[in-house]
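Remarks on the structure that follows.
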Amino acid sequence: MALIEHLTQEYLRTKKLPHIWCPGCGNGIVTAALIRAIERTGYDQRDVVIVSGIGCSSRAAGYLNFNTLHTTHGRALAFATGLKMARPELKLFVIMGDGDCSAIGGNHFIHAARRNIDLNAVIINNHIYGMTGGQHSPLTPTGMKATTAPRGTLERPFDLLVLARGAGATFAARGIAAQPRQLEQLIVRGATHKGFSVVEALSPCPIAYGRRNKLGGAVEMLRSMKDSSISVERAAETEDAELKDKTITGVIYSFDAPEYAEEYYRSISDNKG
Amino acid sequence: MPFELISGSQAVAIAVQRVGVDLVAAYPITPQTAIVETLASIDAKGELGGEFVSVESEYAALAFCKGAAAAGARVFTATSSHGLAYMHEMIHWCSGARLPIVMVNVNRAIGAPWCLDPDQGDSLSQRDTGWLQIYCSSAQEVFDTVLQAFALSEELLLPSMVIYDGFYISHTYEAVDVPEKQIVRRFIGPPVFPAQVKPGSLGNLHGLTTSETQLGLIRRRHEDMLRAPALFDQINDRFAQIFGRRYKVIDSVIPPGSKTVILTVGATAETVRWCLPKLKDIGLIQLRMFRPFPAERLGSLLKAHEVERVVVIDRNCSVGMGGIFAQELRAAIYGMTNPPAVDDLILAGGVDLTVKMLENMLDSRSAESRVGQKWGTDLQ
Ligand code: SF4
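Chains A and B supply the protein sequences, listed in that same order.
Here the first sequence is numbered in our numbering, starting from 1 and rising by one per residue.
Here the second sequence is numbered in our numbering, starting from 274 and rising by one per residue.
Here is the structure:
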């Protein structure tokens, strides 16, 4: 209890509460995991910046008691890139939703990955545009219904982490709201990784997604999320056929490559010399 | 007549279905979303009669429309606020390309910070892009104007923006006369404008040109757009014969002897209309068409009624200058003999107009003192 109190008092703008999220929304679970992860990194609160775009998930920035920046739809990574270049000592966490990050902001996503700039992207993937009432996003699985796809979307979703890999990201992990401790650890690992890190957090949106697709309430959605996930370690020992329709969680890849802001400042000081 | 209880945004979607479009491409944004959702559900029932594509951004939405319209398709999109701002480059491009695209913009404030209320700064920032702009004040007017916008655009080969206030009109339910498709088809048939891209042709569109050629093209666009008010009247003659109602470029209620009129657009005009019986000797001018700006008609109207003072209500503000409708009015009456004084009530941010605010504004001028600009929140 004491810990929860401490985290709440330190890291939440309690005056802004209650939050706007629907009952059963996973955004709160992911936000809590982020708070615990930041606490575990030991970063000075004043050095941490949270940047968010637009959507239900992006409202988190308003509740978090760090330097916070609520930016325009899809552009959070572009704002964060500017911030990191000007003040590379800051620790940046960029909270985005699936629509925000992979549709309108897709361009910024691939270029942040390509530069390998030290930003920590936390993408809350609920497979839908929640705030505007349930339109399909580039991460809505084929066949699932949305207000803009009443008969089920025909489009194929991105695999966000494969996309990031292709674009040059050096760290990617996937967690689920149903396993908040693991999610917290993954965010810590992403934060301590030097370079662009992507943590995809699958999260239930029982209102704009679950209801239309008859996935049950929050509890059922969390349960099926858990039942259909498998850790990357166990997946390595499992037959491919069994992995079909499974969500693989854990660190999917992590390797070192030059980090952009550091390279940039080095090239400036080399030129001065 | 089949009346239905629908919101302004549902009225748009049904109007688009009635007109019959080949393509709708759109991206969700509050408060436009209901338009796209209603169109998607019409499409799901197989009743849209064209393609419905939900795309990855507003920019993509208008680019899809641009491509399809160049192939001769009748297209539609809708957006609001930041979505419209994001389309800006394409908005210019569609006008330059002379494509009769119809887009609805639901007025909403532009950040920072985030605000959802119906400031008109989004559509007014697109004032100079070469699109017709028509501001609507009720769900019925929205429905009818969408039908008329296709007719206007396809005749002039210029795109049209149909604009109304977020929430006050987009989310409010009204009884709307929704004529059946066959009746609407008597007003507007299938598209007949020429395709710029055709199978088997080898043309190159929009290549690099000289400033002189560009001037000629801009001039032609400008002159064509100036035909819009007269064409609007003709279209409304035809519209009235079929539907029994008509609209004017500028609507006015000026009681005999009124020396003060309130000039405004959209939902605010409805509020003023409702207040008129409470206000003594005050008239109303509702500007429906804003681009092209009906300067001559406005001047003649003010002159005919010997108006001495115009109070403009601007739910917008061009920072560094003031309300945009007031600026345009001042420019339009420059050089007029005995021009009326123009005072400006600024409700930027989408502030709602109250009777008290209006009364205070009307009381605020004595014969010798100029009022100029007032901020709505100071008059509450
Ligand atoms: S709409 Fe969905 S994502 Fe948005 S707050 Fe509600 S449950 Fe959460």
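Think of the CB as a built atom: it goes at the ideal place given N, C-alpha and C, for glycine as much as any other residue.
DSSP-derived helix/strand/coil call for residue i
| i | result |
| --- | --- |
| Asn107 of chain A | helix |
| Ala2 of chain A | helix |
| Ile586 of chain B | strand |
| Tyr265 of chain A | helix |
| Ser484 of chain B | helix |
| Tyr63 of chain A | helix |
| Asp531 of chain B | The question names Asp, yet the displayed sequence has Ser at residue 531 of chain B. Note: Ser531 of chain B maps to coil in three-state DSSP. |
| Phe79 of chain A | helix |
| Met634 of chain B | helix |
| Ala640 of chain B | Summary for Ala640 of chain B: the model assigns pLDDT 49, below 50, so the residue's position carries little reliability; its value from the coordinates is reported in the next sentence. The answer is coil: DSSP assigns Ala640 of chain B none of H, G, I, E or B. |
| Asp450 of chain B | strand |
| Gln646 of chain B | strand |
| Ile279 of chain B | strand |
| Ser443 of chain B | coil |
| Met434 of chain B | strand |
| Gly595 of chain B | strand |
| Val48 of chain A | strand |
| His361 of chain B | helix |
| Leu478 of chain B | coil |
| Thr140 of chain A | coil |
| Leu389 of chain B | coil |
| His70 of chain A | strand |
| Leu154 of chain A | coil |
Beta-bridge pairing of residue i - partner residues as DSSP gives them
| i | result |
| --- | --- |
| Asn120 of chain A | A:Phe93, A:Ser197 |
| Gln135 of chain A | A:Tyr129 |
| Val251 of chain A | A:Ala173 |
| Glu324 of chain B | B:Leu296 |
| Trp404 of chain B | Beta-bridge pairing links Trp404 of chain B to no other residue. |
| Thr352 of chain B | B:Asn378 |
| Asp227 of chain A | Answer is none; Asp227 of chain A lacks a bridge partner. |
| Ala149 of chain A | A:Ala146 |
| Arg564 of chain B | B:Gln406 |
| Gln559 of chain B | B:Asp524, B:Thr537 |
| Leu618 of chain B | B:Ile586, B:Lys647 |
| Leu202 of chain A | A:Asn125, A:Ile176 |
Proximity test, residue i beta-carbon vs the ligand SF4 heavy atom, cut-off 7 Å
| i | result |
| --- | --- |
| Trp21 of chain A | yes |
| Ala208 of chain A | yes |
| Gly105 of chain A | no |
| Gly217 of chain A | no |
| Gly101 of chain A | The amino acid at residue 101 of chain A is misidentified as Gly; the sequence shows Cys. Answer for Cys101 of chain A: no, Cβ out of range of the ligand SF4. |
| Gly130 of chain A | yes |
| Asn27 of chain A | yes |
| Asn125 of chain A | no |
| Cys388 of chain B | no |
| Cys590 of chain B | no |
| Cys367 of chain B | no |
| Cys548 of chain B | no |
| Cys205 of chain A | yes |
| Cys56 of chain A | yes |
Proximity winner among the options, relative to residue i (alpha-carbon distances)
| i | options | result |
| --- | --- | --- |
| Ala284 of chain B | B:Asp510, B:Asp417, B:Arg459 | B:Asp417 |
| Val30 of chain A | A:Leu17, A:Ala61, A:Asp44, A:Val48 | A:Ala61 |
| Thr249 of chain A | A:Ala201, A:Arg115, A:Asn271 | A:Ala201 |
| His108 of chain A | A:Asn126, A:Gly130, A:Leu77 | A:Leu77 |
| Arg115 of chain A | A:Ala261, A:Gly133, A:Leu7 | A:Ala261 |
| Met434 of chain B | B:Gly608, B:Arg561, B:Ser411, B:Gly596 | B:Arg561 |
| Arg156 of chain A | A:Thr14, A:Thr140, A:Lys16 | A:Thr140 |
| Glu10 of chain A | A:Asn65, A:Ala2, A:Ser52, A:Ala37 | A:Asn65 |
| Thr68 of chain A | A:Val48, A:Tyr264, A:Lys244 | A:Val48 |
| Trp366 of chain B | B:Ile407, B:Pro452, B:Pro432 | B:Pro432 |
| Val526 of chain B | B:Asp506, B:Gly649, B:Ile558 | B:Ile558 |
| Ala299 of chain B | B:Val292, B:Arg291, B:Glu310 | B:Glu310 |
| Ala172 of chain A | A:Ala178, A:Ala218, A:Ala113, A:Thr142 | A:Ala113 |
Nearest-angstrom beta carbon gap, residue j and residue i [assumed within contact, 8 Å]
| i | j | result |
| --- | --- | --- |
| Met634 of chain B | Leu618 of chain B | 5 Å |
| Trp387 of chain B | His70 of chain A | 7 Å |
| Val122 of chain A | Phe93 of chain A | 6 Å |
| Pro565 of chain B | Gly439 of chain B | At roughly 25 Å, the Cβ-Cβ gap does not stay under 8 Å, so Pro565 of chain B and Gly439 of chain B are not in contact. |
| Pro258 of chain A | Gly24 of chain A | The pair is not a contact, with the Cβ atoms about 43 Å apart (cut-off 8 Å). |
| Ala288 of chain B | Leu389 of chain B | That pair is no contact at about 24 Å. |
| Asp395 of chain B | Leu357 of chain B | 5 Å |
| Pro567 of chain B | Pro612 of chain B | Not really, about 17 Å apart at Cβ, beyond 8 Å. |
| Phe196 of chain A | Ile117 of chain A | 6 Å |
Report task. Return the residues of the segment 376-396 of chain B that lie within a Cβ-Cβ distance of less than 9 Å from chain E, sorted by chain order. Result -> Protein chains in the displayed structure are A and B, and chain E is not among them.
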